[in-house]
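A short worksheet on the structure shown next.
Residue numbers (my numbering): 4 to 291.
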């Protein structure tokens with residue numbers, strides 16, 4: 004008896020009920036300490052910095068193996084390559100502020116462009132490291148990739164090493180709520196081709212949408228100042244950066260803003276932070 008296509012397993016092969024059960028089992032939250040890779044556009048806005056700090060404060064459950072700089076292109080960068088380079092530098096800055104320089108030797112530069120422009124995998128030190136690390140993992144004990152940027156690095160690794168889908172578990176912040184009226188998502192929209200590769204790869208994927216879902220996970224200036232001001236150098240830096248970014252986006256003295264990327268780390272911690280559900284893999288269409 005054939006089953007409906009399992010959530011995220013969309014590689015055009017017929018699936019049995021056992022395939023469906025297997026896909027559900029592979030999407031279970033980890034119950035022990037796991038190895039993770041963080042794929043991040045760290046210089047874009049502020050929530051990536053929160054996410055890295057939270058990850059490093061969760062070492063009892065998450066063992067950070069690599070930090071990969073991802074491309075982005077907006078008012079903070081001159082090109083996707085410039086966005087990746089600035090993110091690479093920002094990672095080191097945040098590690099120094101957190102006094103966690105021991106992780107400086109596992110920071111890698113990622114793609115210098117988007118797949119949607121080149122129509123092929125983009126090799127980089129980050130992609131090669133993801134593939135190299137994955138060789139020590141399998142379906143029962145996967146390498147967890149936390150993606151909080153355009154999925155260019157992750158998609159490139161999957162294209163260059165198709166068997167990667169059996170070695171990794173992807174938690175990606177991309178797209179918008181499935182019932183949202185459009186899909187103007189920054190992470191997915193920057194590289195739609197990469198999103199299509201990841202969501203059709205056959206790898207287990209937890210998709211964390213932005214608007215309609217994670218935009219409810221927000222903070223305000225008074226909250227940040229009350230809880231963080233004066234605690235340490237990182238806290239003072241992130242307050243200043245968040246307030247500066249909010250002035251750019253909102254232009255008002257009173258503001259709130261999502262810090263969505265933190266949720267990608269929180270999902271793995273299984274601290275009853277959020278509800279989730281099984282869905283069929285979405286398809287991203289575009290006109291290019």
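Glycine residues also receive a C-beta, built at the ideal position from the N, C-alpha and C atoms.
In chain order, what residues of the same chain lie with their CB nearer than 6 Å to the CB of residue i, ignoring the 5 residues before and after it?
i: residue 30; result: 207
i: residue 201; result: 154, 157 and 158
i: residue 52; result: 97 and 241
Short of 7 Å in beta carbon distance, which residues of its chain neighbour residue i, apart from the five on each side in sequence? Order them along the chain.
i: residue 169; result: 141 and 142
i: residue 280; result: none
i: residue 84; result: 74, 115 and 116
i: residue 82; result: 76
i: residue 160; result: 130, 133, 134 and 167
Exposed or buried, which one is residue i when buried takes at least 16 other CB atoms within 10 Å?
i: residue 32; result: exposed
i: residue 247; result: exposed
i: residue 147; result: buried
i: residue 106; result: buried
i: residue 34; result: exposed
i: residue 194; result: buried
i: residue 101; result: buried
i: residue 235; result: exposed
i: residue 136; result: buried
i: residue 89; result: buried
i: residue 24; result: exposed
i: residue 182; result: exposed
What does DSSP give as the partner residue(s) for residue i in the beta ladder?
i: residue 72; result: 43 and 112
i: residue 149; result: 41 and 174
i: residue 221; result: 261
i: residue 211; result: 176
i: residue 66; result: 38
Might you give, ordered along the chain, the residues of its own chain that have their beta carbon closer than 8 Å to the beta carbon of residue i, omitting 5 neighbours on each side?
i: residue 163; result: 124, 126, 130 and 134
i: residue 268; result: 54, 57, 58, 61, 65 and 149
i: residue 270; result: 32, 174, 209, 211, 276, 277 and 279
i: residue 79; result: 46, 47, 48, 86 and 89
Roughly how far, in whole angstroms, is the beta-carbon of residue i from the beta-carbon of residue j, given that I think they are within contact range, below 8 Å?
i: residue 95; j: residue 110; result: 7 Å
i: residue 174; j: residue 145; result: Actually they do not touch by this definition, with Cβ atoms about 11 Å apart.
i: residue 190; j: residue 152; result: 6 Å
i: residue 228; j: residue 242; result: 6 Å
i: residue 250; j: residue 239; result: About 17 Å separates the two Cβ atoms, so there is no contact after all.
Quick check: the region 210-217 against the region 170-189, are at least 3 beta-carbon pairs closer than 8 Å?
Output reads yes: the region 210-217 touches the region 170-189.
Check whether the region 36-46 and the region 56-70 are in contact - that is, three or more C-beta pairs closer than 8 Å.
yes
Is it true that the region 220-229 meets the region 255-264, where meeting means three or more beta-carbon pairs spaced less than 8 Å apart?
yes
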